[in-house]
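Quick notes on the structure that follows.
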């Protein structure tokens, strides 16, 4: 029971941190969008991004870049959840569930690889 | 103006979803597609992001209460995420009209399921087991059904809880409250597998996604607090009517019946 409580606490905390980080970044992007765009047309947004473009525009406080960063942090939160679960099971010496978590992590990575192709 | 309406739509979808204990996807996709005129692929991709956000918002609470069964969730995710990848890839080769028609059929199914299902207050008020003090049965069967739930999620942008929760409760023998909590935990991982494909295919528009996500989060925050003050039966009836109306419109869109005016 104590071991379970520890694992659940760690996973819950990681999820909370990731949730508030993503929510905060997307909100910042949205606020920048409202205050920096004169004629807002939400149906016109840059949908494909490159890393160099993203970094440059983040420094220039471009709203769409900040929204992309928020979306990316939202998309990578499940990776963090699964990775933390794997580590928690691994250090608790639960071999089966650490293997299962590693399997889920590999499938998520496969999804990322397929998406980037 | 679009920004305001996108946030408002998100609030409505998130509010309804949390009051009725379902994922917001089945409302977000028709809203974006029918009211804002977005293509089905963009609507589905945006919906998957909203599903991840709402799941992430509720899951830490369920986990810290010990209601989520992380071990079972991970087990079932082995097949669910695979299903989501196949669903997301399949959506890329299907036409927007075909996706609309399939979504219309799914909405009909969910509307009739909700119409026939009696409200079960035990979901919110009943006893639940903490820290997995129950025996899980029929894991291979559960994994098989969850594969299809993942498939629906990737293909249509829904959480798939309408398949996962009954599967965990009935053949697998998990208390309902624990099944809901575990389903919630699984949804963000499943939706992520599908959403990655939509995002990197360029099907997600950030300026549509951001206001919708924020709206959905605000809606689900207030929805979960209003749950005890509203007449759930009345809301359920309004929701079913909305689902049936959306189902008809999605089917007409899918089969290109332009002579119907709604």
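Protein chains in written order, with our numbering: chain G, 1 to 117; chain Z, 1001 to 1262. C-beta atoms are modelled at their ideal positions from N, C-alpha and C, and glycine is treated no differently.
For residue 92(G), which three-state DSSP category applies?
coil
Rounded Cβ spacing between residue 1028(Z) and residue 1212(Z) (contact assumed at less than 8 angstroms)
7 angstroms
Flag residue 57(G) as yes if its beta-carbon sits less than 9 angstroms from any beta-carbon of chain Z, otherwise no.
no
Kindly list the residues whose CB is nearer than 6 angstroms to the CB of residue 1084(Z), restricted to its own chain and excluding five residues on each side of it in sequence; keep chain order.
1150, 1153, 1154, 1190, 1193, 1194
In chain order, which continuous runs of the alpha helix (DSSP H) of length 4 or greater are located wholly inside the segment 1031-1104 of chain Z?
1040-1064, 1070-1093
What residues in its chain sit with their C-beta under 7 angstroms from that of residue 1165(Z), if we drop five residues either side in the sequence?
1179, 1180, 1183
I'd like to know whether the C-beta atoms of residue 1240(Z) and residue 1111(Z) end up nearer to each other than 9 angstroms.
yes
Identify whether residue 1256(Z) lies in helix, strand or coil by the three-state DSSP scheme.
coil
Applying the criterion that 16 or more other CB atoms from any shown protein chain within 10 Å of the CB defines a buried residue, is residue 1121(Z) buried or exposed?
Legend: pLDDT at residue 1121(Z) = 47, less than 50; position of this residue unreliable, value from coordinates given subsequently. With fewer than 16 other Cβ atoms within 10 Å, it is exposed.
Going by alpha carbons, who is nearest to residue 90(G) out of 80(G), 101(G), 81(G)?
101(G)
Between the CA atoms of residue 4(G) and residue 1172(Z) - distance to the nearest angstrom:
21 angstroms
Residue 1066(Z) CB to nearest chain C CB: under 9 angstroms?
Chain labels in this structure do not include chain C; the protein chains are G and Z.
Chain Z within 9 angstroms of residue 22(G), Cβ atoms only
yes
Report whether the distance from the Cβ of residue 1202(Z) to the nearest heavy atom of the ligand SAH is below 8 angstroms.
This structure lacks the ligand SAH, and indeed carries no ligand of any kind.
Is the CB of residue 1123(Z) under 9 angstroms away from at least one CB in chain G?
Residue confidence is low: residue 1123(Z) scores 48 on pLDDT, short of 50, so the model does not pin down where it sits. Its coordinate-derived value is still stated next. Not closer than 9 angstroms to any Cβ of chain G, the Cβ of residue 1123(Z) fails to qualify, so no.
Does the beta-carbon distance from residue 1162(Z) to residue 1014(Z) come in below 9 angstroms?
no
Simplified DSSP assignment, three categories, for residue 1229(Z)
coil
Relative to the C-alpha of residue 107(G), which residue among 1086(Z), 1093(Z), 1082(Z) is closest?
1082(Z)
Strictly under 9 angstroms for the Cβ-Cβ distance: is residue 1146(Z) near chain G by that measure?
no
Straight-line Cα distance separating residue 1176(Z) from residue 1126(Z):
Any answer about residue 1126(Z) is weak, because its pLDDT of 49 lies below 50 and its placement is not dependable; what the coordinates show is given next. When rounded, the distance between both Cα atoms is 9 angstroms.
Is the segment 1056-1076 of chain Z touching the segment 1031-1043 of chain Z, taking contact as three or more C-beta pairs under 8 angstroms?
no
Taking Cβ to Cβ, would you say residue 1019(Z) is nearer than 9 angstroms to residue 1230(Z)?
yes
Check residue 1141(Z) in the structure and name its three-state DSSP category.
helix
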